[in-house]
Each structure stands twice: as structure tokens, then as C-alpha cells.
Amino acid sequence: MSGTDVYKNSEAEFRNWAPGDPNNQNGNEECGQMIGTGEWNDVPCYLNVMAVCSSVRGANVTFILINNPMTWTEARSFCRAHYTDLASVRNMSENQKIKELIPAGQKVWIGLFRGWMWTDGSKTSFTYWNVNQPSSVVSYNCAALYFGAAGKWESYTCDFQRGFVCYNGSEEKQKEVVPLVSKHVVKVRLEKSPSLGLKDSAVQDEMLQQGQCRANRLCLPVGYNVAAAAAAAAADRAGGQDCADLRLQT
1 MSGTDVYKNS EAEFRNWAPG DPNNQNGNEE CGQMIGTGEW NDVPCYLNVM AVCSSVRGAN
61 VTFILINNPM TWTEARSFCR AHYTDLASVR NMSENQKIKE LIPAGQKVWI GLFRGWMWTD
121 GSKTSFTYWN VNQPSSVVSY NCAALYFGAA GKWESYTCDF QRGFVCYNGS EEKQKEVVPL
181 VSKHVVKVRL EKSPSLGLKD SAVQDEMLQQ GQCRANRLCL PVGYNVAAAA AAAAADRAGG
241 QDCADLRLQT
């Protein structure tokens, strides 16, 4: 839960960590749970434990124990589907109410997790995670866009090699037009005599010239529209007169 309609004054800053927590042991403790003493500790999100959901009606909050063990991500999805969310603890009074729900010797998920932030240190409430992300099986500390899922985010290990996007926060840079990058396959047709091989320098030069000719027709200036791009692609498929086929003779 978030927002001024839920949290008042310094309630969003309330914490009740057990001594030594959070410590992010082994770099994979991203989620928070409450233990029988009412104190909190950070643990791996893939653990299967009970959860406490919250049901919010105006200023009134009710806490519900879910005694079906599940991962933190599963618990959050369950609470959001059936109630309001995983329990957010705003003060010691609410902390005590949740503590009283915990069966002897058990621990429960609460809605606390290690927040993701940008590399400049800024945080944001906006997220665009793919399904079942960030992973509840293993904890990764870096994220990448997956263009196969409309640019949604997925978590990865930070040593995983990917392309990257740079950012300049100045208003002047933000106003610049970013060119659309796409990939095209350029095909050339070769008619040659048996005496010339594909590794022949004359053949390779002509292939390069024709490939550049066809590619240039698809590389329109920044600001082109979709119709113009489609027309250029259609002309290329038709084999325009300005990009003749190779006909090398000896």
C-alpha cells in the first residue's frame, strides 16, 4: 500500500526489524517477514511461509492470516486478488494485531521488500515487470527489458551481458528525437559465370555496392513516417531500377 490516504505523518517510515536485520545475507534476502516476537527479518523471497493480507475499507484496515504456505510473490498476488494487498504495517498497534495472528513457531510474509532503484539512486513507484517477475525462485539484483514481451522488465544477475540504454537527465537531451532502430535483411541476386567464385574481389565489391544501395533506401532520415518506410520496403522488395542485379561476366 502507498499514498497519503493510507499513511499519515511518519507512518510510512515505521520499522520493527529484529537485531541485525535487514542484512541481505548472501545477497538474496529481498523480502520481509514477521516472526513470532513481532519483529521483522529479511529472507529470500522464494521461501514458502504463511502470509497476512490486509483488507482496507477507508481508514479501517483488517488483517487476515493465510495459512497456506507460498512464496512472497505468490502471497502478494493472492492478497491482491482476494483482499487489498499483503499487510503493510503502519504503527506498533497494527504490528501487534498481526503478531497475534501468527501461530506458535510460525512466520508470515508481510508486504515489505527491498525496493528496486535506478543506478543514480532514485526510486520510483512505477514498475513494468513481466509475469512472475521479479523472480521469486532466485533473487537477482539487476533488471533488463525483454522486447519479446513489449519491453516488460525481468530480473537478471548483474554479470549477464546485454545491450544497454544510456540516459541524460537534462531537459535539452530529453527533447531530442530518438531515432527508431530496426533490423532488415537485405538480399542480393547474383548472376555469374562459373569462372568466378563468391570470394572473388570483383564479386564481393559488386555485392557490397548492391547491398548498400538497397539498404540506403530503407535508411530514411530521422522523423520519417510509417507510410514512407513501408513504401521504401515495398520498393526494395520489387527490386527498383536503381539497384540492379549483379551480372558479372568474364
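Just so you know, the sequence shown maps onto residues 1 to 250 in the UniProt record's numbering. Glycine included, C-beta positions come from ideal geometry on N, C-alpha and C.
As assigned by DSSP and simplified to three states, the class of residue i
i: Phe63; result: strand
i: Asp85; result: strand
i: Asn26; result: helix
i: Gly148; result: helix
i: Ile102; result: coil
i: Asn95; result: helix
i: Ile110; result: strand
i: Ala202; result: helix
i: Ala18; result: coil
Identity of the residues DSSP links to residue i by a beta bridge
i: Asn41; result: Gln33
i: Cys142; result: Tyr156
Span of the beta strand (DSSP E) around residue i
i: Glu154; result: 152-156
i: Ala51; result: 49-57
Length of the line joining the Cα atoms of residue i and residue j
i: Glu39; j: Asp85; result: 20 Å
i: Asn91; j: Asn16; result: 9 Å
i: Asp159; j: Ala143; result: 11 Å
i: Phe14; j: Gly151; result: 35 Å
i: Val226; j: Asn130; result: Legend: pLDDT at Val226 = 42, less than 50; position of this residue unreliable, value from coordinates given subsequently. If you take the alpha carbons of Val226 and Asn130, they lie about 28 Å apart.
i: Val61; j: Tyr156; result: 36 Å
i: Val43; j: Phe147; result: 31 Å
i: Arg67; j: Ala51; result: A quick correction: the sequence has Asn, not Arg, at residue 67. Roughly 7 Å separates the two Cα atoms.
i: Cys31; j: Trp72; result: 7 Å
i: Gly27; j: Gly20; result: 15 Å
i: Asp205; j: Asn24; result: 59 Å
Cβ-heavy atom distance, residue i to the ligand PLP, below 7 Å
i: Val131; result: Only the bare structure without any ligand can be found here, which leaves the ligand PLP out of the picture.
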